[in-house]
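Take a look at the structure below.
Structure below.
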């Protein structure tokens, strides 16, 4: 269900008071002011949350930015990768860095996928001793997350395991962001686990 909040109440003709002189709002009773402030607060909350929805349906640079913003929401130092701002993200942890390559399309990751080549290149050209490379993909974005497959074929996953690289669905990052809204420390602990995991699928926390 989609809900849209009007920025200001409407009068009997369906017109917003945003077209009235500024002093009209000042003349309204306190209850009006309280409701107006609550509408504005709720609107700001919705605007702040909306971009994280792209973790479930987005692709390309917008998905990359949403992944970075999710790490920032978890209070990690995260930035788009210099020279590769459309698909690369660097996240700094105490134990080392997480280097993420975000697949630009919604394809299932297969053994001959170009995304594996990008992850391999990131590992050998950018990763340092304490870094962990992670391939992120948003496969089947038109399907609810609970009904999606793993997003990567077994042969491709086997290859990632051999090079100690992790695979993470962007929907997993969405779950961690949701968790951080009420338990940020627990959500952060999963990122520490992501860095420590030596290859394979990084599974999401239970709902």
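In my numbering, the protein residues as written are 3 to 209.
No residue lacks a Cβ here, since even glycine has one placed at the ideal position from N, Cα and C.
Keep in mind the model is a prediction, meaning the values are calculated, not measured.
Could you round the C-beta distance between residue 76 and residue 148 to whole angstroms and report it? I think they count as a contact, below 8 Å.
About 23 Å; that fails the 8 Å criterion.
Closest to residue 78 by CA distance: which of 62, 186, 170 and 200 is it?
186
Measure the Cβ-Cβ separation of residue 165 and residue 122 and say whether it is below 8 Å.
yes
Quick check on this structure: which residue in 197, 30, 196 and 175 has the alpha carbon closest to the alpha carbon of residue 74?
175
Between the alpha carbons of residue 61 and residue 177, how many angstroms are there, rounded?
17 Å
Is the Cβ-Cβ distance between residue 135 and residue 144 less than 8 Å?
no
The region 147–161 in contact with the region 101–111 per 3-pair CB rule at 8 Å
yes
Whole angstroms are fine: how far does the CA of residue 26 sit from the CA of residue 36?
15 Å
Contacts around residue 64, its chain only, beta-carbon distance under 6 Å, and the 5 residues preceding and following it disregarded:
56
Figure out for me which residue from 106, 125 and 41 has the closest Cα to the Cα of residue 142.
106
Can at least three beta-carbon pairs, one atom from the region 85–97 and one from the region 192–202, be found at a separation below 8 Å?
yes
Roughly how many angstroms lie between the CA atoms of residue 104 and residue 91, to the nearest whole one?
8 Å
Which residues in the same chain as residue 102 place their Cβ atom closer than 6 Å to its Cβ, once the five residues preceding and following it in sequence are excluded?
91, 136 and 138
Ignoring anything shorter than 4 residues or poking outside the region 113–188, list the alpha helix (DSSP H) runs there in chain order.
116–127, 156–164 and 172–182
Boundaries of the beta strand (DSSP E) in which residue 81 is found, first to last residue
79–83
For a test of the three-state rule: what should DSSP assign to residue 88, helix, strand or coil?
strand
For residue 200, tell me which candidate among 167, 179, 180 and 172 has the shortest Cα-Cα distance.
167
What are the start and end residues of the alpha helix (DSSP H) that includes residue 62?
62–75
Throw me the rounded Cβ distance for the residue 159 and residue 169 pair, which I believe falls under 8 Å.
6 Å
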